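In mature numbering (1 follows the signal peptide of the UniProt record, and there is no 0), the protein residues as written are -18 to -1, 1 to 142.
Set out below in structure tokens:
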């Protein structure tokens, strides 16, 4: 009878995670210095996939592509032109819906604004958003930029 009374306590103790270390949030990448915009930018991983942006500058024009992951494997993605100014970075999407994002850019870190233009929702799945996304340059060469992958794992900036 005493054994039966102790069984629930034993099962409860077995389910405890007291011996496991606490899970730490993913560490944000460290910014890599570089001139210009060319490179690979990443966000701290929030699941199986890592948000990425690649930028390649050629002939005075910068092309970009990005995939920003949200909840339930939904994402925002697109390509376009990037223009750097003293005020930050202007990302103009090349697609069916008008979308120009005025992001901040300092010390190799791109931060999307909290408020994104309405037309940009076209580029996002139902549970994904670009608002407030921070991407840190982790490589400053074209070869680094070409490591970024799209939604199915193909090179994101190939052919830019």
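Glycine included, every Cβ here is placed at the ideal spot set by N, Cα and C.
Keep in mind that this is a model prediction, so the values were computed, not measured.
What are the complete beta strand (DSSP E) segments, minimum 3 residues, inside the region 23 to 103? 34 to 40, 43 to 51, 57 to 67, 70 to 75, 82 to 88 and 91 to 93
Ends of the beta strand (DSSP E) at residue 116? Taking the chain shown and counting its residues from 1, one reaches residue 116 at position 134. Run containing residue 116: 116 to 121, per the beta strand (DSSP E) assignment.
Closest to residue 34 by C-alpha separation, out of 26, 48 and 40, would be which residue? Walking along the chain shown from the start, residue 34 turns up at place 52. That would be 48, whose Cα lies nearest to the Cα of residue 34.
Beta-carbon proximity list for residue 133, same chain, < 7 Å, skipping 5 on both sides: As a first step, residue 133 is located in the chain shown; it is residue number 151 there, counting from the start. Excluding sequence neighbours, residue 133 sits near 49, 57 and 59.
Leaving out five residues on either side along the sequence, give the residues of the same chain with a beta carbon under 6 Å from the beta carbon of residue 138. For this step, residue 138 is matched to residue 156 along the chain shown. If we look at residue 138 and ignore the five residues flanking it on each side, its Cβ neighbours are 36, 47, 130, 131 and 132.
Residues of its chain near residue 51, where Cβ-Cβ distance is below 6 Å and the 5 sequence neighbours each way are ignored: Looking up residue 51 in the chain shown gives position 69. Cβ neighbours of residue 51 beyond the five flanking positions: 31, 33 and 57.
Residue 5 by DSSP, collapsed to three states: which one? Counted from its first residue, the chain shown places residue 5 at position 23. With a pLDDT of 33 at residue 5, under the threshold of 50, the predicted position of this residue should be treated as unreliable, though the coordinate-derived value follows. In the structure shown, residue 5 sits in coil (DSSP, three-state: anything other than H, G, I, E or B).
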